[in-house]
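So that you can map any letter, position 51 of the sequence shown is 51 in our numbering, and since no number is skipped, the others follow by simple counting.
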Amino acid sequence: MIAELPNDSLVSLEIFDNKITLFLENQQSDCRQDMLRFFNSINKKKYYAILGKENIMIPFLTIKDNLVIGLSKKEKEQLKERLPKLLDQFKLSPSSLNKPASDCSLEEQVVFQIVRSLALRHIILIFDSTSNQQESNQFLTNLIPVLRTAVKNNHGTIAIVSSSQEVAGSLYYDQCINLDYFFN
Numbered sequence: 001m002i003a004e005l006p007n008d009s010l011v012s013l014e015i016f017d018n019k020i021t022l023f024l025e026n027q028q029s030d031c032r033q034d035m036l037r038f039f040n041s042i043n044k045k046k047y048y049a050i051l052g053k054e055n056i057m058i059p060f061l062t063i064k065d066n067l068v069i070g071l072s073k074k075e076k077e078q079l080k081e082r083l084p085k086l087l088d089q090f091k092l093s094p095s096s097l098n099k100p101a102s103d104c105s106l107e108e109q110v111v112f113q114i115v116r117s118l119a120l121r122h123i124i125l126i127f128d129s130t131s132n133q134q135e136s137n138q139f140l141t142n143l144i145p146v147l148r149t150a151v152k153n154n155h156g157t158i159a160i161v162s163s164s165q166e167v168a169g170s171l172y173y174d175q176c177i178n179l180d181y182f183f184n
């Protein structure tokens with residue numbers, strides 16, 4: 001199921017739309033900059049990058065306040081309209097939005113960021129920067145089935161970059177691209 005795209009191929013965003021794409025990197029490479037340049041080159045829409053567990057929320061603000069930071073009035077309305085359905089899909093309580101971010105685990109904060117991005121219909125890039133840790137692998141492996149349902153129901157686009165064979169063994173992503181062939 002691994003697609004190998006040659007360097008000179010013309011790639012358009014349509015092959016990623018409404019899908020979860022796993023970009024499988026080897027253990028020694030870090031493809032963050034290449035992936036960001038790649039998505040910038042094929043896409044004029046906004047994307048939202050979740051960089052492993054480095055991208056955490058402002059701890060003294062509520063989850064709700066963190067979710068609306070930097071949004072225009074129109075985007076806030078989109079978020080307000082789509083948020084209840086997404087919270088339900090991720091089995092999150094609406095009351096959890098009133099908790100301070102410091103009361104949430106890093107994994108919960110990542111999930112809230114994903115919910116925000118899906119509500120705003122951003123492309124989501126997830127970099128599994130701690131892929132050699134069992135806990136991170138398990139979190140991402142458990143999250144992919146929920147992401148698949150959310151992507152299908154909300155017309156989202158998610159790209160996961162990982163070197164984890166455990167994540168690659170998931171049955172819930174739509175396509176896998178081996179980065180050794182993609183960027184070489």
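Note that the Cβ used here is the ideal one computed from N, Cα and C, for glycine as well.
Rounded separation between residue i and residue j - CA only
i	j	result
ALA159	LEU36	11 Å
TYR181	SER164	17 Å
THR179	LEU24	The sequence given here has Leu at residue 179, not Thr. Computed Cα separation, rounded: 6 Å.
ASN132	ILE20	Only weak support is given to the placement of ASN132: the predicted model assigns it a pLDDT of 44, under 50, and the question is left unresolved by the model.
PHE38	LYS91	33 Å
Endpoints, the beta strand (DSSP E) within which residue i is located
i	result
ALA159	157-162
PHE112	Where PHE112 is concerned, there is no enclosing beta strand (DSSP E), although the alpha helix (DSSP H) it sits in stretches over 106-119.
ILE126	123-127
Extent of the continuous alpha helix (DSSP H) run through residue i
i	result
ASN98	From DSSP, ASN98 is part of no alpha helix (DSSP H); its letter is neither H nor E.
ASN66	63-68
LYS80	73-89
Per-residue DSSP class, three states only, for residue i
i	result
ILE58	coil
ASN178	strand
PHE16	coil
GLN165	helix
Residue environment, residue i, which counts as buried when at least 16 other CB atoms sit within 10 Å
i	result
ILE136	Just to set this straight, residue 136 is Ser in the shown sequence, not Ile. It counts as buried.
THR149	exposed
LEU139	Looking at the sequence provided, one finds Phe at residue 139 rather than Leu. By the neighbour-count rule (16 or more Cβ atoms within 10 Å), PHE139 is buried.
Checklist entry - Okay, do the region 100-107 and the region 119-130 touch, 3+ Cβ pairs below 8 Å being the bar? => result no
Checklist entry - Within the chosen definition, does the region 170-179 reach the region 143-152 through at least 3 CB pairs nearer than 8 Å? => result yes
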